[in-house]
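30 is the number of the first residue of the sequence shown in my numbering; add one for each residue after it. C-beta atoms are modelled at their ideal positions from N, C-alpha and C, and glycine is treated no differently. Just so we're clear, the structure is a prediction, and the values are computed from it rather than from any experiment. One structure is given below, encoded as structure tokens.
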Amino acid sequence: MFLNQHNAEYELVSHPYSERAMNTAHSACIPVKNMTKAVVLRDNRGYVIAVMPSMNKLMLRWINAKLDRHLNLVSEQELKHLFPDCEDGSIPAIGTAYGMTTCWDDELNSLQDLYLESGNHRELIHMNRNQFKALLQGETHAAISCDPDEMEAYCT
């Protein structure tokens, strides 16, 4: 496992079966604000995994501007081929484990503890912010998402 190969400090947190990040946070009895979600994007230069707080919405325009790319969402069918060792819909947040660029939201920097999808729908990976940042050292971070209640202010 990538995390063990990189001597990462983490713990697996078991929870009842759940498929959506927000539902998983409730199911695992963890603060929703600490649950991350990953979204896979692609353009002609390759794949990017965008990682943000689970309650936020990805602002595609922002990530494209930051990375100077023309990224679009990847289809569910394509995800199955990208992550053959993961259950459908469980997208890992550490893109480097799959040879993909990762761009993470600056808002994650304000959290001490983070919970990431583990590749299945019954466990989460819990690690502290510093460990997360160490695993993604050299990857881009920026404001790439926002609270859905604030989207109208940014989109008008």
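Where the alpha helix (DSSP H) containing residue i begins and where it ends
i: Ser56; result: Ala50 to Ala57
i: Ile92; result: Leu89 to Leu96
i: Asn33; result: Phe31 to Gln34
Proximal residues to residue i (C-beta, below 8 Å), its chain only, five neighbours per side dropped
i: Ala39; result: According to the sequence provided, residue 39 is Tyr. The question's Ala does not apply to it. Leu32, Ile154, His155, Met156 and Gln160.
i: Val77; result: Val69, Leu70, Arg71, Ile92, Leu96, Arg98, Leu100, Gly124, Met129, Thr130, Thr131 and Cys132
i: Met51; result: Val61, Met64, Ser83 and Met84
Rounded C-alpha distance that separates residue i from residue j
i: His99; j: Arg71; result: 8 Å
i: Ser83; j: Ala67; result: 8 Å
i: Met118; j: Tyr46; result: One detail in the question is off: residue 118 reads as Gly in this sequence, not Met. Looking at the two C-alpha atoms, the distance is approximately 12 Å.
i: Thr185; j: Gly75; result: Because the pLDDT at Thr185 is just 47, under 50, the model does not fix this residue reliably, and the point stays unresolved.
i: Asn85; j: Cys175; result: 5 Å
Residue-level contact to chain B via CB, residue i, 8 Å cutoff
i: His44; result: Any reference to chain B falls outside this structure, which holds one protein chain only.
Residue i - containing beta strand (DSSP E), residue span
i: Asn157; result: Glu152 to Asn157
i: Leu143; result: Asp142 to Glu146
i: Ser43; result: Glu40 to Ser43
i: Met81; result: Gly75 to Pro82
i: Ala67; result: Thr65 to Asp72
i: Ala171; result: Thr169 to Ala171
Cross-strand partners of residue i (DSSP beta bridge)
i: Leu164; result: Answer is none; Leu164 lacks a bridge partner.
6 Å Cβ shell around residue i - same chain, five flanking residues per side excluded
i: Cys115; result: Gly148
i: Tyr144; result: Ile59, Asn63, Met64, Leu153 and His155
Proximal residues to residue i (C-beta, below 7 Å), its chain only, five neighbours per side dropped
i: Ser43; result: Arg151 and Glu152
For the stretch 98-138, which segments carrying the beta strand (DSSP E) assignment without a break, of at least 3 residues, lie completely within its bounds, in sequence order? 130-134
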